[in-house]
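I have placed the structure first, in the form of structure tokens, so that the comments after it can refer back to it.
Residue numbers (my numbering): 342 to 687.
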């Protein structure tokens with residue numbers, strides 16, 4: 342009998358597998374998609390995520406990020422506020438580059454990756470049957486629309502009061518123009534600009550408007566002039582972003598990453614949180630106390646959820662959104678504190 346099956350072979354699932362192998366557990370990853378997986382994401386790693394990857398011996402190639410820059414258009418022209426990371430640089434990394442680096446690390450660790458999805462589970466006193474095969478534990482790391490979350494009965498099906506938000510991402514074939522992640526604010530949402538290679542910039546837009554990306558971009562008047570004539574790649578989308586769970590542990594089944602619940606990508610801390618959850622979940626499994634992960638999950642996510650949910654509520658109305666950058670300019674200490682809270686290790 343295996344000690345652990347990981348459902349989902351994205352970055353967080355592979356991190357679970359690496360931590361499990363280091364703990365001496367017999368672990369297997371199940372992922373139906375073969376090879377390197379791409380998805381819509383901002384591609385900016387916070388300093389905490391860079392440090393978590395380094396502890397796993399993973400050092401993906403990318404562009405150093407020195408902080409966050411908020412930008413919008415005011416009556417007197419472009420306004421901006423900037424806060425640098427105090428915990429060292431983050432890194433802009435293409436999703437495919439990050440996934441390939443983790444995939445290579447898992448292969449070196451001798452962890453098998455099986456090309457199948459988890460479709461059924463049954464809880465037993467001392468193990469869980471995963472598609473009929475016994476494993477002492479199962480970790481669901483299978484994303485926003487997690488099948489493991491549904492199979493374990495952990496989905497919170499109560500109706501959402503907040504507007505549903507979606508993300509779209511595209512790559513721009515141009516040299517980066519900033520060493521910061523730029524967040525451009527507009528009435529329709531936020532656009533995140535992240536340098537990911539010497540000749541490539543990632544652009545991600547978060548919005549409640551399901552309009553195609555090309556039709557949303559003119560609303561970002563501080564950004565549109567830079568995009569004129571720039572070649573763009575394939576647009577990828579994700580959403581709805583808000584996902585709620587009743588709990589993160591059910592018997593011997595644990596949820597990590599987006600599968601464990603998601604507020605929004607507004608603050609860009611998702612991968613750092615997922616990597617911290619991966620480490621905490623494996624620690625609970627190795628100790629034979631999977632229920633302890635619920636407490637660890639709450640501790641890890643509390644700061645992020647409060648900041649993200651608070652900023653979402655505060656900026657829901659378009660008139661309020663126009664005051665975000667001016668407020669950050671007037672109170673640089675508060676803006677710097679918020680960025681530092683999000684950038685530090687979980």
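All C-beta atoms, glycine included, are put in the ideal place defined by N, C-alpha and C.
For residue i, which beta-bridge partners are listed by DSSP?
i           : result
residue 584 : 603
residue 544 : 511, 534
residue 674 : Paired residues: none, contrary to the question.
residue 496 : 586
residue 594 : 479, 591
residue 346 : 369, 479
residue 471 : 462, 474
residue 573 : 513
Please look up how many angstroms separate the CB atoms of residue i and residue j, rounded, as I've assumed it's under 8 Å.
i           : j           : result
residue 482 : residue 383 : About 19 Å separates the two Cβ atoms, so there is no contact after all.
residue 598 : residue 584 : The pair is not a contact, with the Cβ atoms about 11 Å apart (cut-off 8 Å).
residue 510 : residue 381 : 4 Å
residue 498 : residue 591 : Between residue 591 and residue 498 the Cβ distance is about 15 Å, and since that is not below 8 Å, they are no contact.
residue 506 : residue 437 : So it is not a contact: roughly 24 Å between Cβ atoms.
residue 628 : residue 426 : Not a contact, Cβ separation roughly 33 Å.
residue 579 : residue 529 : Not quite, the Cβ-Cβ distance comes to about 17 Å (not below 8 Å), so this is no contact.
residue 525 : residue 407 : In fact, because the Cβ distance is near 18 Å, the residues do not count as touching under 8 Å.
residue 697 : residue 485 : The structure shown does not extend to residue 697, since the chain is modelled only from 342 to 687, so the question has no answer here.
residue 344 : residue 477 : 5 Å
Should residue i go down as buried or exposed, given a rule of 16 or more other Cβ atoms within 10 Å for buried?
i           : result
residue 387 : buried
residue 638 : buried
residue 523 : buried
residue 589 : buried
residue 555 : exposed
residue 457 : exposed
residue 586 : buried
residue 569 : exposed
residue 571 : exposed
residue 405 : exposed
residue 353 : buried
residue 516 : exposed
residue 451 : exposed
residue 419 : exposed
residue 372 : buried
residue 500 : exposed
residue 374 : exposed
residue 532 : buried
residue 631 : buried
My output table needs one value for residue i: the three-state DSSP class, helix, strand or coil.
i           : result
residue 425 : strand
residue 518 : coil
residue 524 : strand
residue 681 : helix
residue 485 : coil
residue 456 : coil
residue 579 : strand
residue 434 : coil
residue 564 : coil
residue 444 : helix
residue 611 : helix
residue 632 : coil
residue 664 : coil
residue 623 : helix
residue 649 : helix
residue 450 : coil
residue 505 : coil
residue 491 : helix
residue 640 : helix
residue 549 : coil
residue 559 : helix
Can you confirm whether residue i, when its beta carbon is compared against all beta carbons of chain B, has any partner nearer than 8 Å?
i           : result
residue 512 : Within the model displayed, chain B is absent; a lone protein chain is all it includes.
Complete runs of the alpha helix (DSSP H) confined to the stretch 351-419 [at least 4 residues]: Positions of the alpha helix (DSSP H) runs, each at least 4 residues long and wholly inside the stretch 351-419, are given as 352-363, 388-396 in order along the chain.
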